[in-house]
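The block underneath contains the structure these notes are about, expressed in structure tokens.
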Amino acid sequence: MARKTTILDDEDDVEVEEDERERADGDGVDDDEDDEEGQDEYEKDGFIVDDVDEEEQDEEEADSDEERQKKKKRKKRESETNYVLDEDDYELLQDNNITGFHRPKLESKKFKRLKKAQRDTGGEHSGFFDDEEFVGSGMSGRTAEEKLKWSLFGDDEGPPLEDIAEEEEQPEEEDFGDEDDMADFIVDEEEVDEHGAPVRRGKLNKKKPRQAPGVSSSALQEAHDIFGDVDELLRLRKQGLAKTGKYDGSGEWRERRLEDEFEPIVLSEKYMTEKDDHIRKEDIPERMQIYEESTGPPPTNEMSIEKESNWIYNHLMTCTIPLLSKRGTGTTQGEGEPSINKDDIMRFLEFMHVQKLDVPFVAMYRKEECLSLLRDPEQHEADIENQNKPDPKPTIRWHKVLWAIQDLDRKWLLLQKRKSALQSYYNKRFDEESCRIYDDTRLTLNQQLFESIGKSLKAAESEREVDDVDSKFNLHFPSGEVGVDEGRYKRPKRKSQYTICCKAGLWEVVSKFGYSSEQFGLQISLEKMRMDELEDAKETPEEMASNFTCAMFETPQDVLKGARHMAAVEISCEPCVRKHVRSIFMDNAVVSTSPTPDGKTAIDSFHQFAGVKWLRDKPLTRFEDAQWLLIHKAEEEKLLQVTIRLPESILDKLIADSNDYYLSDGVSKSAQLWNEQRKMILQDAFYGFLLPSMEKEARSLLTSRAKNWLLMEYGKLLWDKVSVAPFQRKGNDVSSDEEAAPRVMACCWGPGKPATTFVMLDSSGEVVDMLDAGYLSVRSQNINDQQRKRNDQQRIVKFMTDHQPHVVVLGAVNLSCTRLKDDIYEIIFKMVEDNPRDVGHEMDGLSIIYGDESLAHLYENSRISLDQLSGHSGIVRRAVALGRYLQNSHAMIATLCGPGREILSWKLCPLESFLSADEKYGIVEQVMVDVTNQVGLDVNLAIAHEWLFSPLQFISGLGPRKAASLQRSLVRAGAIYTRKDLLTAHGLGKRVFVNAVGFLRIRRTGLAASSSQFIDLLDDTRIHPESYVLAQELAKDVYIADVQDDDAIDDEDVMEMAIEHVREKPDLLKYFEVDEYAKSKKWENKRETLDNIRLELIQGFQDWRRLHEEPSQDDEFYMISGETEDTLAEGRIVQATVRRVQPQRAICVLESGLTGVLTKEDYTDDWRDDTDLSEKLHEGDILTCRIKSIQMNRYQVFLTCGEKEMRKNRYENHRNMDPFYHEDRSNSQGQQEKAHKEKELAKKHFKPRMIVHPRFQNITADEAMEVCS
């Protein structure tokens, strides 16, 4: 039975229908439709009655009008002319919380739809949903059964408050849409939660029957029959929602978190996760916290630190230092004088582990404690040269040894963590194994093995040695089925041959061979001398083995074979044996390479793999650069065959020594038979297991070394870019306090769309003005074009006259830039000639510098550029980056080190593709940290100019999370006047403050320039606040000595006056004898600190970076051509397109845009041919030529395409060849080529045929005749 209630509306009649379906397929409405339609709203306007009798009466009255209402609704639906979007568009709008649209009702041919009981204007709705949810919910009419489901269970799309609220309030259900309650509904602060979601409030003194409004009792009864007990379903739903995080344990609506609103990747990029929040609040340097996430808390007791320092010292002295590019550079400083002091390492570890001091802080303010670690062997000569200067200036330094120690510290901590975890696992696994074995002999053997493994694990000092111990443990105590519950499926496991032999009892046969693997290992490594002679069994091996035959091993020979296999495997897994063999292999193994048939064809003299095509017996120890990475890549591409082996003499000696220790000295026939078995065991152990394993380790070691070298090379190239001082305008005194950064006019060439663009930057890197000049470099003689060109020239004259740039930087991208440079110079000369009065003295000798656009392109396409320069076109953003790079390369590079890590796309090294993104960013961060902390950061200037804040994350103690928080705090404050405010007002913890404060510069820049508030002069120096007393004492003594005034020594004003005095008269400190002063004050242990104080009092934050140098002619050539020394060299074969042909020469264009010249003599070898080139070549012809010579100053190359020149090999040795490079022309290579050609020929003759027959063979006719004969 149905009930229909008509609701009068201002515009039309809206009906609410509720049908009790009798069809079998009545539940066929898709859930997706329900979700899309959203939630409904009910109005109580007097027509919907709750009494059951009145409901039945209304239902009977409604039957008569049913057909009329259907027709009326259908007509209205057909008359609607609203624009309708796709369902995907509506879902997208809903997902992004877009409001203000009306989602049309879905049409259904099978089911009717109910119209919303909502007025177009002034509609009132339930307080359960906020306005956005209400408008976007799209809850058009539902069927009765759908509406009933919704009233009971809610809609999954919206916040299901009603389900839980009904449970929590009074037992009787309240009306959802009571008009009286909703008429005066006001959403105020007390009725909404902090996210704007309305909070349900209980209605006083009104209790309604437990049923939804507008739903008949029969419908409710039917729902109960269908769904069962609703209370139980609601309880289960509440539990499910609690698990998803929407409700807490008590069922209360929980505060919505960021994790509920955003994707995890978005939160991670913005550093907004709970983990990031914890890192921000923790008073430990941020990079140190990230560092300790993988290593765990480092030990702080003296014994552990001493043990670790010994381990690190040994690695620095004997192994390749991961962060030093040259092997052995850390061994000696001079003759017999070690460059690294072990005590310095111990103190450095204590600074990091106990005091939580970051690397830059230790390098700057704890020099006396670890002086030997600050010496860079590569800068030693430069340091001596700098000290011999009359006025030595500190230079910026890359503290490679400190970073190397930090890397070794991480490896040590990870090693100890792994050893501890393995020991715990071994104990547990041994106990489980002991419970399963009842043989006393086997138990005793296992106990001895376990104790031996424990000792080996404790003594292991490298990952390789721990791997050896682990392999031995897994061999003797393999992981079984322990812990698998009954009834669970168990994955089938492959049993090794060793396990099969062991379970067959052959371990007893192994014990008859003589020495155990452990005894053999101790003897061969000379850890234990051979004391007792080995006694052979009286019975022969076959006689003994016959006692152990079984179904698996039926004959004595099978038993001996299995036992030999067990013995060989045990020897190959013995840590002592592996360590001994490893040391011999790594010191003596050699690498040889030869090209495959494909490699011979592909690798020419200019190929990337040309230098490694033929290597013969190159020792592992001689691989010092990234050469192995090329060999490995060529091997993967099947262009090279690579062999790593021990020389025969070394291998024979190793086998002979092993025989001496493993074989017995007996001479009887039985002893000889046993010795034969032992020899076979050693052969199998070495050739079957140890040597292949060592070859694999050697490959891994070579890869690791090559990557370390490549990382350092990548770091050097970045260091050369980032450690350059800003461009210095002519006549500007670098040592003065005036602004050092110049006003820059940056120019980016454009093809027309976009046009060539000029951008003017002030000394702070902010955009002042911009100008498009699309016709400046036009070459057309058209009158209109020439007029446009003159207009552009006049506009540029005015542009430069108005802004008076100190320098013009022009992006070098192609040959058009050379003509553009000439055009700009022409404009400057015209300015000086026509309007000399308008040209300021600062523009005298204005220079135009080529700039590399590679970094500027990255910035143009980065997200940070859109944030910093929103509203500007791409070419403008590129020009801004070009100018800022000239003003402050360090800050510009740091801008691209944000969450997107765009800096990693900057191509610095041709082999950087071998490095992972994390490896590259690790070295980028290391370089940026060292440079940033030695340059310092002007806080007030950065507050005024956001892009200068980019290096803040690299300040000691900070990181991206802490830096972002500090930046927000500083920007809110507007300016900072004392370093102490960083601790008190800006939330830095004490430890982080100590680490960071000395590198943050506080002076009168930005908003602080116009303030009269006092700023301490020492805050504008690198002097750390902990040394302010020393600085004041030194300044006071110099001041007193200069003015001869002994009065008011303790007056604070005199202290400040003294500092100002020495700052104004730097000559007083230039020749100040720090050593004598330190002795007089008994501050010998502060000598380095006092010297730093002296330098900072002379000039605070003096720029230690090397001076900017304009690019050389070669640099300009490679920038404009886009080539490198490897891609463009004499003798290289190139493709050239003919552009213009003359009788005696042809003008061509290379792919890079360079001009190529091909003379008549170089076109052909036939000197008798006197035909003009114009008859042989035509415009557009593509030639394959060889580069004869390069003229860099004219940006052109001379080409040749004569047959003799093309065939010549005189260019093959253009590069420095490896001393182990030996080309092999032996017969074996010829045979390989012949076999390869036959194979290729056979492939060509082979025709695949899709014939499925047991007797079919796809062979040639000749082969078929042979078979038949």
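Quick note: to get the numbering used here, add 36 to the position in the sequence shown (first position is 1). Even for Gly, the Cβ is constructed at its ideal location relative to N, Cα and C. Keep in mind the model is a prediction, meaning the values are calculated, not measured.
Which residue marks the beginning of the alpha helix (DSSP H) containing residue i, and which one marks its end?
i, result
"alanine 1067", "1064 to 1079"
"lysine 654", "No alpha helix (DSSP H) contains lysine 654, which is instead part of the beta strand (DSSP E) from 651 to 655."
"leucine 558", "553 to 560"
"glutamine 1138", "Where glutamine 1138 is concerned, there is no enclosing alpha helix (DSSP H), given that its DSSP letter is neither H nor E."
"leucine 596", "592 to 608"
"alanine 707", "705 to 719"
"isoleucine 1156", "1149 to 1157"
"isoleucine 620", "611 to 624"
"cysteine 853", "852 to 870"
"glycine 490", "476 to 495"
From what residue to what residue does the beta strand (DSSP E) around residue i run?
i, result
"leucine 807", "803 to 808"
"phenylalanine 1234", "1232 to 1236"
"alanine 1172", "1169 to 1177"
"isoleucine 1218", "1218 to 1227"
"tyrosine 886", "883 to 888"
Given this structure, state the Cα-to-Cα distance separating residue i from residue j, to the nearest angstrom.
i, j, result
"leucine 44", "alanine 259", "With a pLDDT of only 39 at leucine 44, under 50, the local geometry of the prediction cannot be trusted, and no value is derived from it."
"glycine 1238", "leucine 1164", "19 Å"
"methionine 836", "leucine 856", "16 Å"
"lysine 455", "phenylalanine 513", "17 Å"
"glutamine 459", "glycine 550", "30 Å"
"glutamate 679", "aspartate 693", "Checking the sequence shown, residue 679 turns out to be threonine, not glutamate. So the two alpha carbons sit approximately 25 Å from each other."
"asparagine 1252", "arginine 831", "53 Å"
"arginine 411", "leucine 485", "47 Å"
"tryptophan 448", "serine 630", "39 Å"
"valine 844", "glutamate 328", "47 Å"
"histidine 682", "histidine 435", "The sequence shown places leucine at residue 682, rather than the histidine named in the question. Taking the straight line joining both Cα atoms gives about 38 Å."
"serine 706", "glycine 598", "20 Å"
"leucine 690", "aspartate 504", "20 Å"
"asparagine 377", "asparagine 346", "11 Å"
"phenylalanine 794", "leucine 922", "15 Å"
"valine 65", "serine 949", "Summary for valine 65: the model assigns pLDDT 41, below 50, so the residue's position carries little reliability; its value from the coordinates is reported in the next sentence. Near 55 Å, if we compare the C-alpha coordinates of serine 949 and valine 65."
"glutamate 1193", "glycine 1158", "Inspection of the sequence shows that residue 1193 is occupied by valine rather than by glutamate. If I take the Cα positions, the gap works out to 19 Å."
"threonine 1191", "aspartate 1206", "25 Å"
"leucine 1213", "lysine 1240", "20 Å"
"tyrosine 1199", "glutamate 1299", "51 Å"
Spatial neighbours of residue i within its chain, please: CB distance less than 7 Å, with the 5 preceding and 5 following residues excluded, ordered by chain position.
i, result
"valine 390", "Thr336"
"threonine 632", "Lys674, Leu675, Leu676, Gln677"
"tyrosine 886", "Leu846, Ala848, Pro1147, Glu1152, Met1155"
"glutamine 325", "Ile315, Glu318"
"alanine 734", "Phe621, Met622, Ala625, Leu656, Ile680"
Starting from the C-beta of residue i, find all residues in its chain whose C-beta is less than 6 Å away, skip the five residues before and the five after it, and write them out in chain order.
i, result
"phenylalanine 725", "Ser608"
"arginine 57", "Residue placement at arginine 57 is flagged as unreliable, the pLDDT there being 43, under the threshold of 50; the coordinate-derived value follows with that caveat. Same-chain partners within the cutoff: there are none."
"methionine 796", "Met781, Val804, Asp805, His839"
Might you give, ordered along the chain, the residues of its own chain that have their beta carbon closer than 8 Å to the beta carbon of residue i, omitting 5 neighbours on each side?
i, result
"histidine 1289", "none"
"isoleucine 717", "Phe549, Arg600, Ala603, Ala604, Ile607, Tyr698"
* Asked: Pairing CB atoms from the segment 810 to 822 with CB atoms from the segment 987 to 1002, are three or more of them under 8 Å?
  -> no
* Three or more C-beta pairs closer than 8 Å, one from the segment 394 to 409 and one from the segment 971 to 986: is that the case here? -> no
* To do: Specify whether the segment 795 to 809 and the segment 777 to 786 touch according to this definition: at least 3 beta carbon pairs, one from each stretch, less than 8 Å apart.
  => yes
* Segment contact, 8 Å Cβ cut-off, at least three pairs: the segment 1065 to 1072 with the segment 1005 to 1023 -> no
* To do: Would you be able to state if there are at least three C-beta pairs under 8 Å between the segment 636 to 649 and the segment 606 to 625?
  => no
* Within the segment 305 to 353, note down every full alpha helix (DSSP H) run reaching 4 residues or more, in order along the chain. => 310 to 317, 322 to 331
* Indicate whether the contact test is met: 3 or more Cβ pairs, each with one atom in the segment 894 to 901 and one in the segment 909 to 921, closer than 8 Å. => yes
* Asked: What alpha helix (DSSP H) runs, 4 residues minimum, are completely inside the segment 895 to 962?
  -> 899 to 904, 910 to 923, 925 to 931
* Three or more C-beta pairs below 8 Å linking the segment 998 to 1013 and the segment 936 to 952 -> no
* To do: Mind the definition here: the segment 1163 to 1178 touches the segment 1132 to 1145 only if three or more C-beta pairs lie below 8 Å; say whether that holds.
  => no
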